[in-house]
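Visitor: After the structure tokens below, expect a handful of questions from me.
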Amino acid sequence: MAAERKDDALELLKRDHREVEQLFRKFDQTRDENERSALAERVCLMLKVHTQIEEELFYPALRGKLEDEMLNEALVEHKAAKQLISEIEGSEAGDAFLEARVKVLQEQIQHHVREEEQEMFPEVRKTDLDLVALGGRMAERKMKVMARLGAELEIEGEPKSFSRAAERDESLEREERSRPAASRSHERRDQPRR
Ligand SMILES: [Fe+2]
Ligand SMILES: [Fe+2]
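Each residue of the sequence shown is one higher than the one before, counting from 1272 in our numbering.
Shown next, in the form of structure tokens:
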């Protein structure tokens, strides 16, 4: 009897990789400054969650099973990416360096993802790790981290450096419109006009 199919750890990570690549592509194709800021913010959020899950659960599960060198290199690459991520998060909309920062981050991530998928993951497949169980723990942790980082964005309120991702805005506004004004806990979050 076929068990219900669950993503294993590698499939979960690869899905994240594709999602981030798509966001980078969208950023490339978008000219509107506010939209670009929102996309950059989304990329940073996705990457923060992804690297945290890898560092907390995935890489530690591989210690002793893969070469330390491979894992250490991945960690150093994460650290470099986080430096750029924090610079991007500190960028104002219209910042002349935003594009350059996102471009360099994209190149770094491309390199890192290639190494993970072409060198690390095939080695991981050869180990005796239960990748479905690990994937389950990672998916659960990912939900929690997303919720926590999502909540942080909420508290920031009016966008100073970044606005929220467009689709999130739309669903929030739909929700807002369906509630009486008195129960609204915050004001509209329109993109600032510059
Ligand atoms: Fe990854
Ligand atoms: Fe990674």
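Every residue gets a Cβ at the ideal spot worked out from N, C-alpha and C, and that includes glycine.
Could you tell me which residues DSSP puts in a beta bridge with leucine 1337?
Guide: By one-based count along the sequence shown, residue 1337 stands at place 66. Paired residues: Arg1334.
Visitor: Using a Cβ cut-off of 8 Å (strictly closer), state whether glutamate 1363 contacts chain B.
Guide: Protein chains in the displayed structure number just one, and chain B is not present.
Visitor: Of all the alpha helix (DSSP H) runs that stay within the bounds of the region 1321-1397, which reach a length of 4 or more residues?
Guide: Runs found: 1330-1333, 1339-1360, 1369-1386, 1392-1397.
Visitor: If we call anything under 8 Å between Cβ atoms a contact, is valine 1347 one with isoleucine 1359?
Guide: Taking the sequence shown and counting its residues from 1, one reaches residue 1347 at position 76. Taking the sequence shown and counting its residues from 1, one reaches residue 1359 at position 88. No, Cβ-Cβ distance for valine 1347 and isoleucine 1359 is not below 8 Å.
Visitor: Closest by CA to leucine 1355, which one among Gly1335, Ile1380, Asp1339?
Guide: Indexing the sequence shown from 1 puts residue 1355 at position 84. Answer by Cα proximity: Ile1380.
Visitor: Provide the residue span of the alpha helix (DSSP H) that contains leucine 1294, from first to last.
Guide: Locating residue 1294 in the sequence shown gives position 23, where the first residue counts as 1. 1280-1300 is the span of the alpha helix (DSSP H), which, as asked, contains leucine 1294.
Visitor: For glycine 1406, count neighbouring C-beta atoms within 10 Å of its own C-beta (all shown protein chains included) and say buried if the count is 16 or more, exposed if not.
Guide: Against the sequence shown, residue 1406 aligns to sequence position 135. Glycine 1406 should be labelled buried.
Visitor: If you compare alpha carbons, which of His1321, Ala1351, Glu1387 is closest to lysine 1415?
Guide: Looking up residue 1415 in the sequence shown gives position 144. Nearest C-alpha to lysine 1415: His1321.
Visitor: Please tell me whether alanine 1332 and glutamate 1387 are closer than 8 Å, where the distance is taken between their beta carbons.
Guide: By 1-based counting over the sequence shown, the position of residue 1332 is 61. By 1-based counting over the sequence shown, the position of residue 1387 is 116. No. Outside cutoff.
Visitor: Compute the Euclidean distance between the alpha carbons of glutamate 1363 and arginine 1313, then round it to the nearest angstrom.
Guide: Counted from its first residue, the sequence shown places residue 1363 at position 92. Counted from its first residue, the sequence shown places residue 1313 at position 42. Looking at the two C-alpha atoms, the distance is approximately 15 Å.
Visitor: Can you tell me whether histidine 1382 sits near ligand 2, meaning its C-beta is under 7 Å from at least one heavy atom of the ligand?
Guide: For the purposes of this step, residue 1382 is identified with residue 111 of the sequence shown, where counting begins at 1. No, the beta carbon of histidine 1382 sits no closer than 7 Å to any heavy atom of ligand 2.
Visitor: Could you compute how far the alpha carbon of asparagine 1305 sits from the alpha carbon of aspartate 1279?
Guide: Translated into positions along the sequence shown, residue 1305 becomes position 34. Translated into positions along the sequence shown, residue 1279 becomes position 8. When rounded, the distance between both Cα atoms is 36 Å.
Visitor: Going by the C-beta, is glutamate 1360 closer than 7 Å to any heavy atom of ligand 2?
Guide: The sequence position of residue 1360 within the sequence shown is 89, counting from 1. Checking every heavy atom of ligand 2 against the Cβ of glutamate 1360, none is found closer than 7 Å.
Visitor: According to the neighbour-count rule (16 or more other Cβ atoms, all chains shown, within 10 Å of its Cβ), is glutamate 1340 buried or exposed?
Guide: In the sequence shown, the residue the question calls residue 1340 occupies position 69. So glutamate 1340 ends up on the exposed side.
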